[in-house]
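Just so you know, the protein sequences line up as chains C and D, in that order. Letter 106 of the first sequence, counting from 1, is numbered 128 in my numbering, and no numbers are missing. Letter 231 of the second sequence, counting from 1, is numbered 253 in my numbering, and no numbers are missing. Okay, so here's the structure we're looking at.
There are 2 protein chains.
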Amino acid sequence: VNAEIITVGEEILTGLVVNTNAAFLGESLVHAGLDVRWVTSVGDREEDIEGAFRTALGRARVVVVTGGLGPTHDDVTKKAASAVFHSPAVLRKEVLDRIEAFFKRRGKPMPPSNESQAWLPDKAEVLENPVGTAPGLLFSEEGHLFFLLPGVPAEAERLVRDAVLPRLAGLTGGLTCRSKRLKTIRIAESELSDRLQGFHTRFPDVRLAFLPQREGVVLRLSLYGPDAAFCGARLADGAAFIYKHAGAWIYAEDDDTIESVVAKLLISRQRTVSTAESCTGGLVAHKLTNVPGSSDYFRMGIVAYSNASKVRLLGVPEEILQRAGAVSPETAAAMAEGARRAAGTDIGISTTGIAGPSGGTPEKPVGLVHVAFADRDRTVTEKHIFFQDRLWNKERFAGVALDLLRRSLLSKNPNSS
Amino acid sequence: VNAEIITVGEEILTGLVVNTNAAFLGESLVHAGLDVRWVTSVGDREEDIEGAFRTALGRARVVVVTGGLGPTHDDVTKKAASAVFHSPAVLRKEVLDRIEAFFKRRGKPMPPSNESQAWLPDKAEVLENPVGTAPGLLFSEEGHLFFLLPGVPAEAERLVRDAVLPRLAGLTGGLTCRSKRLKTIRIAESELSDRLQGFHTRFPDVRLAFLPQREGVVLRLSLYGPDAAFCGARLADGAAFIYKHAGAWIYAEDDDTIESVVAKLLISRQRTVSTAESCTGGLVAHKLTNVPGSSDYFRMGIVAYSNASKVRLLGVPEEILQRAGAVSPETAAAMAEGARRAAGTDIGISTTGIAGPSGGTPEKPVGLVHVAFADRDRTVTEKHIFFQDRLWNKERFAGVALDLLRRSLLSKNPNSS
């Protein structure tokens, strides 16, 4: 069953706000087993809204529209629907009563402009909105379901739950869609793709999408099936295949993040950690402390931006800084060991590199980072080279530092991945 | 000049990610004077992409497409463009060389699948991508400009700046849209709205939007006009009105951030700064070091999460921690002074608070933060109370700490704003 989402409002077109309604609607409809193939945004021009409605009716069986149901002059979604469905507006007394009651509850008289919200196309079913003044509408014609919802996210979400999803049940003949995400790091999208080439032959029914994100490429598996158990089993098989061919680069699944995975490992192994950061400037500590309860394992972080602070706070030998330079495996190692010592923690991790845009040389280019892990038994360093952009580099540097911590916690030999 | 934005990729349709590319593109094109009337998202089905391309060419003079230029099987944007423009793919040697060089710089061989990124429709102009492997493409036909850009936001943004905007100049026959953003902090949206009630009567031609963001509410003024000078003057008048009524809460304009504003002040006043963070966990240092060249003013940051580290690294007296507690003005002050002393910088700033979700008490609820500023002459503390969400609280805490630094740098008395 094809579905289209249409959002009405200038603020999406001009980039004033990101389209969170579309994301929420997409997720809800896909989960209900629909195949969402189009998301269209138009502004407040009646002609554009009408055009979008006609196009959608020509290709999608379920259409969900948000926005343009408010009481002001630029709210013309209903007018466009009246034109497209040949359905003139009539005053719905019960809707007007409800709007007046809504204001009365808040101790205010209804502003005159709100009356317009009770003038609704005569063919539409009214979907009651318990959290606002604009009701939703449903046109059912020739097998199409065409929903109009208010644009306020909280109101749209409520109506999706209360009115849209119940009316979709049965439409897909029990078909449901389930998905699973596997998050990778330290591997290029192209290499990952090459490693997973056999996937499509083995799992022709499972969609595999490659989604590049800040820290690395996220793999999303999804399929439609008769029920959640069937889909879950199939996704587990697909995930097992991916773990077999690219498991070394997978650090988390679904809503887990590198920091939440590391947090669980630190807690289960009862280890404490401290950080010594140069190029990431505090981002590693920030990520570690994004997890609620992080004070259980995180004690202290030092952002040693200057060489002097590397020597003074972390005890990095001047000799190493002079011989190998601040951006070197030796300095990274000394920083991790110094953090561990200064904080009295089980583990110290460190970053030193060149985030850019300036400061690079042919031998040490922008994008170069050395990260280190130190505990009682060993010190391990790793080198990575990324790209040009400073903020992205900081994110990627922090990602590989936390991933080194993750692998070190998992294995006796973190370089054996 | 009508414009359409098309984003390609399942992740938008299924709600996995919000469409930030569309927001960025919309803002850029509107700013260039274009009338963005449609934003369309389709998935990875070639037929849907082709359909979207044909529809767009039938109604928009400028079309900007992002996504689907990667090296994997589900990247079919180029194929769809080849079909629509009757332009078969040919191997572009110079593009292949560039991709190979890209990997060589990172010390890796090019994975085989990346070669596909050098097979490009023969009629398209190649738009070089300095920050990734997928080049952009431009088809110019019958007065239409049809751009294909990579979907990775940093790459799309770079290509918009370097390749798209320069080619749009002159296209709009002089009509332009200009906008100005004024960024506020420490004031609620409703209070801001009340203070600015006279705006619409004084400036009926200027749109004023209230955009709640992480650190505070951003005010966006925009208008269309015959030329940049006219628009600029009108926006300057509007901004002056806003400064008059709410200037105390404005910390930056347009693309400036709290950290870029602070960076400029620190450099112009030749001051150095260090940080002592508890609840923000490194975020203040991370923000300060997001600005290129931050080593000119930032020396060292300490994330003192445990009380022991506050005593040991920052010299906070045990007596203060016991009497006033870790979350107190006294501790914040001692932390800022300790950071300044430990780092040998002109200024120290600090944060101590309760980010949540747990750890709150009736006297010290989740959302409470004390921030402090210390220099040679004075130590100033400030108290703020925000909300429940941990990540948002960290952002807001860091924001008010940096805003205290900003006001302190601007005035002899930072509490006189």
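We treat Cβ as the ideally placed atom computed from N, Cα and C, and that holds for glycine.
Contacts that D/S380 makes with chain C (C-beta to C-beta distance below 9 Å): Residue 380 of chain D sits at position 358 when you count from the first residue of the second sequence. Per Cβ cutoff of 9 Å: P314, G315.
When Cβ atoms are compared, which residues of the segment 298 to 310 of chain D fall closer than 9 Å to chain C? E299, C301, T302, G303, G304, L305, V306, A307, H308, K309, L310
Which ranges does the beta strand (DSSP E) cover as unbroken runs of at least 3 residues, wholly within the segment 190 to 218 of chain C, from first to last along the chain? 198 to 206
Just curious, the beta strand (DSSP E) that D/Y273 is in, first and last residue? Numbered from its first residue, the second sequence carries residue 273 of chain D at position 251. Run containing D/Y273: 272 to 275, per the beta strand (DSSP E) assignment.
Residues in the segment 238 to 268 of chain C having any Cβ partner in chain D nearer than 7 Å: R242
Please report the distance separating the alpha-carbon of D/V283 from that of D/G382. Within the second sequence, numbered from 1, the residue matching residue 283 of chain D stands at position 261. Within the second sequence, numbered from 1, the residue matching residue 382 of chain D stands at position 360. Looking at the two C-alpha atoms, the distance is approximately 33 Å.
Can you find at least 3 beta carbon pairs, one from the segment 288 to 307 of chain D and one from the segment 267 to 280 of chain D, that sit closer than 8 Å? no
C/I280, buried or exposed, once every other Cβ within 10 Å from all chains shown has been counted against 16: Along the first sequence, one-based indexing puts residue 280 of chain C at 258. Buried is the call here.
Comparing alpha-carbon positions, which option in D/L91, D/G173, D/F225 lies nearest D/E137? Translated into positions along the second sequence, residue 137 of chain D becomes position 115. Of the listed residues, the one whose Cα sits closest to D/E137 is D/L91.
Does the beta carbon of C/G37 come closer than 8 Å to any beta carbon on chain D? Reading the first sequence from its first residue, position 15 is the one you call residue 37 of chain C. Yes, C/G37 counts as interfacial toward chain D.
Quick check: what's the CA-CA separation for C/L390 versus D/R67? Your numbering for residue 390 of chain C matches position 368 in the first sequence. Your numbering for residue 67 of chain D matches position 45 in the second sequence. Each residue's Cα considered, the two are about 38 Å apart.
Put D/H267 into one of helix, strand or coil per three-state DSSP. Start at 1 with the first residue of the second sequence, and residue 267 of chain D comes out as number 245. Helix at D/H267.
Quick one: Cα of C/R128 to Cα of C/A176, how far? Sequence index remark: in the first sequence, residue 128 of chain C carries index 106 (1-based). Sequence index remark: in the first sequence, residue 176 of chain C carries index 154 (1-based). Roughly 18 Å between the two C-alpha positions.
Under three-state DSSP, which class holds D/D184? Taking the first residue of the second sequence as position 1, residue 184 of chain D is located at position 162. Here D/D184 sits in helix by DSSP.
Mind listing which residues of the segment 356 to 375 of chain C have their C-beta closer than 7 Å to chain D's C-betas, in chain order? A365
Distance between C/Q219 and D/A377 (C-alpha atoms, nearest Å): Here residue 377 of chain D corresponds to residue number 355 of the second sequence, with the count starting at 1. Here residue 219 of chain C corresponds to residue number 197 of the first sequence, with the count starting at 1. Cα-Cα distance, rounded: 45 Å.
Reduced DSSP secondary structure (H/G/I, E/B, other) of C/R291: The residue you call residue 291 of chain C lines up with position 269 of the first sequence. Reduced to three states, the DSSP call for C/R291 is coil.
According to DSSP, residues forming a beta bridge with C/Y246: Taking the first residue of the first sequence as 1, we reach residue 246 of chain C at position 224. C/Y246 is bridged to C/C199.
Below 7 Å on C-beta distance, what does D/T42 contact in chain C? To locate residue 42 of chain D, count along the second sequence from 1; it is residue 20. Near D/T42 (Cβ distances below 7 Å), the residues of chain C are V40.
For C/I369, list the residues DSSP reports as bridge partners. On the first sequence, residue 369 of chain C is found 347 positions in, with the first residue counted as 1. C/I369 is bridged to C/V295.
Distance, Cα to Cα, C/S438 vs C/V402? Looking up residue 438 of chain C in the first sequence gives position 416. Looking up residue 402 of chain C in the first sequence gives position 380. Its pLDDT being 42, under 50, C/S438 is placed unreliably by the model, and the measurement read from it follows with that caveat. Computed Cα separation, rounded: 11 Å.
Could one say the Cβ of D/R83 lies closer than 8 Å to chain C's Cβ atoms, at least one of them? Here residue 83 of chain D is taken as the residue at index 61 of the second sequence, counted from 1. No, D/R83 lies away from the interface with chain C (no Cβ there is under 8 Å from its Cβ).
Measure the C-alpha to C-alpha separation of C/I28 and C/L181 and round it to an integer number of angstroms. Numbered from its first residue, the first sequence carries residue 28 of chain C at position 6. Numbered from its first residue, the first sequence carries residue 181 of chain C at position 159. Taking the straight line from one Cα to the other gives about 15 Å.
Cβ neighbours of C/D57 in the same chain (closer than 7 Å, five flanking residues each side left out): For the purposes of this step, residue 57 of chain C is identified with residue 35 of the first sequence, where counting begins at 1. Counting only Cβ-Cβ distances below 7 Å, and skipping sequence neighbours, we find V23, N24, A25.
Counting only beta-carbon atoms, is C/W414 nearer than 8 Å to chain D? On the first sequence, residue 414 of chain C is found 392 positions in, with the first residue counted as 1. Interface residue, yes.
So what's D/N43 in DSSP terms, helix, strand or just coil? Here residue 43 of chain D corresponds to residue number 21 of the second sequence, with the count starting at 1. The answer is helix: DSSP assigns D/N43 an H, G or I state.
Report yes if the CB atom of C/N43 is closer than 8 Å to the CB atom of C/T88, and no otherwise. Residue mapping note: residue 43 of chain C aligns to position 21 of the first sequence, counting from 1. Residue mapping note: residue 88 of chain C aligns to position 66 of the first sequence, counting from 1. Yes.
Where C/E49 meets chain D, residues with beta-carbon distance less than 9 Å: Your numbering for residue 49 of chain C matches position 27 in the first sequence. Ordered by position in chain D, the residues that pass the 9 Å Cβ test against C/E49 are T36, G37, L38.
Strictly under 8 Å for the Cβ-Cβ distance: is C/W60 near chain D by that measure? Looking up residue 60 of chain C in the first sequence gives position 38. C/W60 counts as touching chain D.
State yes or no: is the beta carbon of C/V284 nearer than 8 Å to at least one beta carbon in chain E? The question asks about chain E, but that chain is absent: this structure's protein chains are C and D.
Three CB pairs or more closer than 8 Å across the segment 329 to 348 of chain C and the segment 341 to 350 of chain D: no
From this set, D/S433, D/K130, D/R256, D/E211, which residue's C-alpha is nearest D/F395's C-alpha? If you number the second sequence from 1, residue 395 of chain D lands on position 373. Nearest of D/S433, D/K130, D/R256, D/E211 to D/F395, Cα basis: D/S433.
Going by DSSP, which residues form a beta bridge with C/L118? Position 96 of the first sequence, counted from the first residue, corresponds to residue 118 of chain C. Answer by DSSP bridge pairing: none, since C/L118 is not bridged.
Between C/A123, C/E163, C/T206, C/V117, which has its C-alpha nearest C/E275's C-alpha? Here residue 275 of chain C refers to the residue found at position 253 of the first sequence. When each option's Cα is compared against that of C/E275, the closest is C/T206.
What does the alpha-carbon distance come out to for the pair D/P131 and C/A210? Here residue 131 of chain D is taken as the residue at index 109 of the second sequence, counted from 1. Here residue 210 of chain C is taken as the residue at index 188 of the first sequence, counted from 1. Cα to Cα, D/P131 sits roughly 11 Å from C/A210.
DSSP three-state label for D/N151, please. Locating residue 151 of chain D in the second sequence gives position 129, counting from the first residue. In the structure shown, D/N151 sits in coil (DSSP, three-state: anything other than H, G, I, E or B).
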